[in-house]
Amino acid sequence: MRSRNAWLGTTAVIIALSLAGFAFGQGKAGKDAAAGKHPIVVMDTNMGTIRIEVLPDKAPVTAKNFLDYVASGFYTGTIFHRVVPDFVIQGGGYLENMTMKPTRPPIKNESRNGLKNLRGTLSMARYDDPNSATSQFFINLKNNPHLDPPAGGWGYAVFAKVIDGMAVVDKIAAAATSTRNVQGTPFQDVPVRPVIVQSARIEP
Numbered sequence: 002m003r004s005r006n007a008w009l010g011t012t013a014v015i016i017a018l019s020l021a022g023f024a025f026g027q028g029k030a031g032k033d034a035a036a037g038k039h040p041i042v043v044m045d046t047n048m049g050t051i052r053i054e055v056l057p058d059k060a061p062v063t064a065k066n067f068l069d070y071v072a073s074g075f076y077t078g079t080i081f082h083r084v085v086p087d088f089v090i091q092g093g094g095y096l097e098n099m100t101m102k103p104t105r106p107p108i109k110n111e112s113r114n115g116l117k118n119l120r121g122t123l124s125m126a127r128y129d130d131p132n133s134a135t136s137q138f139f140i141n142l143k144n145n146p147h148l149d150p151p152a153g154g155w156g157y158a159v160f161a162k163v164i165d166g167m168a169v170v171d172k173i174a175a176a177a178t179s180t181r182n183v184q185g186t187p188f189q190d191v192p193v194r195p196v197i198v199q200s201a202r203i204e205p
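Throughout, the numbering used here is defined as the position within the sequence shown, counted from one, plus 1.
What follows is the structure, given as structure tokens:
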């Protein structure tokens with residue numbers, strides 16, 4: 002179980018990434034941050050559209066990481082595989098058949114950037130190792146201060162926020178869920194009707 006699942010607080014969080022579009026995402030994030038304009042990601046799902054403001058000035062490594070995968074098309078076809086009402090919705094690593102997409106090396110933890118896990122913010126999912134985040138992210142459904150770093154410790158790195166589409170996020174959060182067994186591994190809180198990312202793109 003530990004080889005397949007990461008943990009967020011007291012509940013399971015799963016992570017994964019792919020390696021494409023590195024140079025494009027790096028340039029986009031850098032130019033926007035330098036110009037004082039935050040990149041906007043438009044994520045179309047089969048339940049509606051979510052617009053996300055990415056914050057490279059606060060979380061440069063994490064923001065670039067996310068933008069790289071958006072630019073490469075990595076998130077297209079992935080699902081929100083974990084939905085916990087009054088907590089988070091999580092996605093960014095699994096396909097509809099619960100196949101995990103390939104990963105590349107994890108990124109460093111930027112949870113000490115002063116951003117809080119407030120309702121509507123996006124943070125990176127990870128394992129117990131604070132520097133183990135890869136592609137998967139979650140959207141906070143409420144203020145989750147226990148996910149912020151304690152004094153001298155590590156939390157879950159906030160790097161973006163929803164600026165339009167929280168009604169869609171709440172709709173996803175209300176989806177019926179069940180436990181799915183995949184090759185003997187149980188996955189809890191999986192939407193019965195898959196919530197699919199149809200596309201994700203950076204606004205020009």
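All C-beta atoms, glycine included, are put in the ideal place defined by N, C-alpha and C.
It should be emphasised that the depicted structure is a prediction, and the values quoted were computed from it without experimental measurement.
Residue 254 in three-state terms, based on DSSP: The question about residue 254 has no answer here: the residues shown for the chain are numbered 2 through 205.
Same chain, Cβ closer than 8 Å to residue 146, neighbours up to 5 away in sequence not counted: The residue you call residue 146 lines up with position 145 of the sequence shown. Cβ within range, chain order: 117 and 118.
The stretch 183-197 in contact with the stretch 69-84 per 3-pair CB rule at 8 Å: yes
Reduced DSSP secondary structure (H/G/I, E/B, other) of residue 55: Your numbering for residue 55 matches position 54 in the sequence shown. Reduced to three states, the DSSP call for residue 55 is strand.
Meets three-Cβ-pair contact criterion under 8 Å: the stretch 145-165 and the stretch 50-65: yes
Residue 133 vs residue 107 beta-carbon contact at 7 Å: In the sequence shown, the residue the question calls residue 133 occupies position 132. In the sequence shown, the residue the question calls residue 107 occupies position 106. Yes; because the gap between Cβ atoms is below 7 Å, this pair is in contact.
Segment contact, 8 Å Cβ cut-off, at least three pairs: the stretch 135-144 with the stretch 89-102: yes
For residue 100 and residue 185, the rounded distance between their alpha carbons: Position 184 of the sequence shown holds residue 185. Position 99 of the sequence shown holds residue 100. Straight across, the Cα-Cα distance linking residue 185 with residue 100 is about 13 Å.
Check whether residue 200 and residue 69 have beta carbons under 7 Å apart: Within the sequence shown, residue 200 is the residue found at index 199, counting from 1. Within the sequence shown, residue 69 is the residue found at index 68, counting from 1. No, the pair does not count as a contact, with Cβ atoms beyond the cut-off.
Three-state secondary structure assigned by DSSP to residue 123: Here residue 123 corresponds to residue number 122 of the sequence shown, with the count starting at 1. Strand.
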